[in-house]
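J.: Chains as they are written, first to last, in this note's numbering: chain A, 49 to 210; chain B, 49 to 210; chain C, 49 to 210.
Glycine included, each C-beta is placed from N, C-alpha and C at the ideal position.
Given the structure is predicted, the values throughout are model-derived calculations rather than measurements.
(1) Residue range of the alpha helix (DSSP H) that residue 80 (chain C) falls in?
(2) Answer yes if the stretch 90-101 of chain B comes into contact with the stretch 167-179 of chain B, meaning at least three C-beta pairs across the two stretches below 8 Å, and no otherwise.
(3) Considering only their Cβ atoms, is the gap separating residue 114 (chain B) from residue 178 (chain B) smaller than 8 Å?
(4) Taking contact to mean 3 or more Cβ pairs, one atom from each stretch, closer than 8 Å, check whether the stretch 152-165 of chain C and the stretch 67-85 of chain C are in contact.
(5) Mind checking residue 111 (chain A): buried by the 16 CB within 10 Å criterion, or exposed?
(6) Return the chain-ordered list of same chain residues with a C-beta closer than 6 Å to the C-beta of residue 124 (chain B), the five sequence neighbours on each side being excluded.
(7) Could you pull out every residue in the same chain whose Cβ sits closer than 7 Å to the Cβ of residue 86 (chain B), ignoring the five residues on either side in sequence?
(8) Bridge partners of residue 212 (chain B), per DSSP?
(9) If we define contact as Cβ-Cβ less than 8 Å, is residue 204 (chain C) a contact residue for chain B?
(10) Suppose the cutoff is 7 Å on Cβ atoms and the five residues either side in sequence are ignored; what does the same chain contact list for residue 154 (chain A) look like?
(11) On the three-state DSSP scale, how would you describe residue 102 (chain B)?
(12) Taking just the CA atoms, how far does residue 210 (chain A) sit from residue 49 (chain A)?
(13) Between residue 132 (chain C) and residue 121 (chain A), what straight-line distance do the alpha-carbon atoms span, to the nearest angstrom?
(14) Closer than 6 Å by C-beta to residue 189 (chain B): which residues in its own chain qualify, once you throw out the five before and the five after it? Chain order, please.
(15) Provide the residue span of the beta strand (DSSP E) that contains residue 59 (chain A), from first to last.
(16) Mark residue 147 (chain A) as exposed unless 16 or more other C-beta atoms lie within 10 angstroms of its C-beta, in which case mark it buried.
(17) Can you tell me which residues form a DSSP beta bridge with residue 89 (chain B)?
(18) Quick one: which chain C residues come within Cβ less than 7 Å of residue 154 (chain B)?
(19) Whose Cβ in chain A lies nearer than 9 Å to the Cβ of residue 161 (chain B)?
(20) Taking the alpha-carbon of residue 166 (chain C) as reference, which of C:54, C:82, C:64, C:197 has the nearest alpha-carbon?
(21) Residue 106 (chain A) and residue 202 (chain A): beta carbons closer than 8 Å?
(22) Using a Cβ-Cβ distance under 8 Å, would residue 132 (chain A) count as near chain C?
(23) Using 8 Å as the threshold, is the C-beta distance between residue 176 (chain A) and residue 151 (chain C) below it?
(24) Closer than 8 Å, CB to CB, is residue 173 (chain C) near chain A or not?
(25) Rounded to whole angstroms, what's the CA-CA distance from residue 54 (chain A) to residue 109 (chain C)? Just pull it up for me.
(26) Do residue 196 (chain B) and the ligand NAD come close, with the Cβ less than 7 Å from some heavy atom?
(27) Looking at chain D, which residues of the stretch 85-116 of chain C have a Cβ within less than 9 Å of any of its Cβ atoms?
(28) For a quick check, are the C-beta atoms of residue 141 (chain A) and residue 117 (chain B) less than 8 Å apart?
(29) Going by Cα to Cα distance, which pick from C:89, C:174, C:134, C:156 is closest to residue 143 (chain B)?
(30) Only counting the same chain, and skipping five residues up and downstream in sequence, which positions put a Cβ closer than 6 Å to that of residue 129 (chain B)?
(31) Is it buried or exposed, residue 91 (chain B), if we count other Cβ atoms within 10 angstroms and call 16 or more buried?
(32) Counting C-beta neighbours from all protein chains within 10 Å, is the total for residue 65 (chain B) 16 or more, i.e. buried, or is it exposed?
(33) Taking only beta-carbon atoms, is residue 68 (chain A) less than 8 Å away from chain B?
(34) Name the DSSP beta bridge partners of residue 208 (chain C), please?
As structure tokens, this is what we get:
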């Protein structure tokens, strides 16, 4: 039997920690949530940078290697642009262009996502590799889940990898 | 009730402006359209570079900031490779390899996409941030749409983010 | 008629040859296969690096241009990190962090994928552009297929582009 296929759910894998890609992820998430879609964002690897409680560089982790890596990765206020980054100058330029044209900035979009009920979860394996703990992440992160669980919950959803 | 789920539509979010990634996007778009799938390409951020009327660098936008940014971003003839770009040398090398092996180049694929009825639309928000206007884009761009509209139209489609 | 839409199949386009992105691809592939999903991985462009028989740099291809390009691209043991690569130092650091925290490395995940029956295929067009031949790829690659065939086989699957 053939039927029309409709997805009412949207799942986004936020792998990238680039400013512009996170902007795209949160724009899609809020756009879908505002039109009554159920949205889950699964943050992994570089994407976890957006969820760290400390927005600047911080040496999280137990071992020296993890502490170095987390420091290098930075946090929400160090997100690079995926191109033309110019050592962090461009995300600031782009934010300026967004404010000037009355477009919501990343932090405003993240706040809107929370208010619209977008579910944000962190990847268990990536947390483990980077030696991050629950307390290192900001409030609003609902859960730490494995990739198999996430994929299982998304069987009836669109899955977008960013 | 459980039924077999088939998607007859394909939606591609062209976020990246990399030569190789746009090549992948248009290869999938034409491949799907040639087998009777309905295809929509939604161009946003760097992806808009592929649609600018001027193929080289041009200072589009009203404010100095947007004009600088658009100049830096370039157009269809400045698209970088996502790796091993070597200041723009590699896209030319790759095009040489493609011609040599009788594979369609990006511009040929774009032309084929238009002829196969692939629908190309531009992201309203990205146009707004970059201060681009309808007239800055090449012919064949059918519409400027918001992300919520695009997602809504794609509820019964595959959504691929590139 | 409206029914609940479930995808039991997962198709992953492995376009990127970045160490961290391939890690994400194989983690999702094995996670889905372990929970009885039918998984196909379609390797194209840089992603083909993961499948080359020779893990180091090798000058594959008939023409000087292809030979240069394949040498520059490298193989499984030269995969860069998508950020903070530091000339190849970081993939080694990350592997160290993974071993330390008892997380499977990329090669272990690839082995697990094969054992779980994940189907790995190579993109016909990319093989053609890079002048690669069947014999240049490692055992376990089941087929060389065109993108239209892949998309057609994936009509009832999730499609994720990495």
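T.: Here's the rundown:
(1) 67-82
(2) yes
(3) yes
(4) yes
(5) exposed
(6) 98, 103
(7) 56, 57
(8) What the structure shows of chain B is the stretch from 49 to 210, and residue 212 (chain B) is not part of that stretch, so it cannot be assessed.
(9) yes
(10) 67, 70, 71, 74
(11) coil
(12) With a pLDDT of 44 at residue 49 (chain A), under the threshold of 50, the modelled position of that residue is not reliable, and the figure given next carries that caveat. Cα to Cα, the separation comes out at about 33 Å.
(13) 8 Å
(14) 99, 168, 170
(15) 57-62
(16) exposed
(17) B:60, B:168
(18) Correct list: empty, because the minimum Cβ distance to chain C is about 12 Å.
(19) Neighbours of residue 161 (chain B) on chain A: none; closest Cβ ~21 Å, over 9 Å.
(20) C:82
(21) no
(22) no
(23) yes
(24) no
(25) 45 Å
(26) With respect to the ligand NAD, the structure shown offers nothing to examine, as it has no ligands at all.
(27) No chain D is present in this structure, whose protein chains are A, B and C.
(28) yes
(29) C:174
(30) 67, 68, 138, 139
(31) buried
(32) buried
(33) yes
(34) C:60
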